[in-house]
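Student:
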Amino acid sequence: MSKEIAKVILWEENEKEYIKKFYDLQFVPRVGEEVYLKKEKWKVTRVEHDVEVNEVNVYMEIIKKVHKDKPSNS
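Per our numbering, the sequence shown starts with residue 2, numbered consecutively.
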């Protein structure tokens, strides 16, 4: 008996291009969870599972870009 691997695709909400694809992800983020990806923080807005093709679509919106700010000494 073979284990079929689900494809997990991360999408930016309201965009047509995907951010990243995973084929062997150990867990799927839930709605409301924050994800750190590509040096940015994202919040999961919805998750759709297409059983027919064994695919999970995770839609996210960017929270903010994460960069190192220099502390200002005034």
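Ideal Cβ placement from N, Cα and C applies to all residues, glycine included.
All values reported here derive from a predicted model rather than from experimental measurement.
In chain order, what residues of the same chain have a beta carbon less than 7 Å from the beta carbon of Y24, not counting five sequence neighbours either side?
Tutor: Around Y24: I6 and K8.
Student: For V54, count neighbouring Cβ atoms within 10 angstroms of its own Cβ and tell me buried if that reaches 16, exposed if not.
Tutor: V54 should be labelled exposed.
Student: DSSP three-state label for R47, please.
Tutor: If DSSP states are grouped into helix, strand and coil, R47 belongs with the strands.
Student: Taking the C-alpha atoms as reference points, what is the distance between V48 and Y60?
Tutor: In a straight line, the C-alpha of V48 is about 6 Å away from that of Y60.
Student: Determine the burial state of L38: buried for a count of at least 16 other Cβ atoms within 10 Å of its Cβ, exposed for fewer.
Tutor: Exposed, by the Cβ-count rule.
Student: Which residues does DSSP list as the beta-bridge partners of I10?
Tutor: For I10, which the question treats as bridged, DSSP gives the partners K22 and N58.
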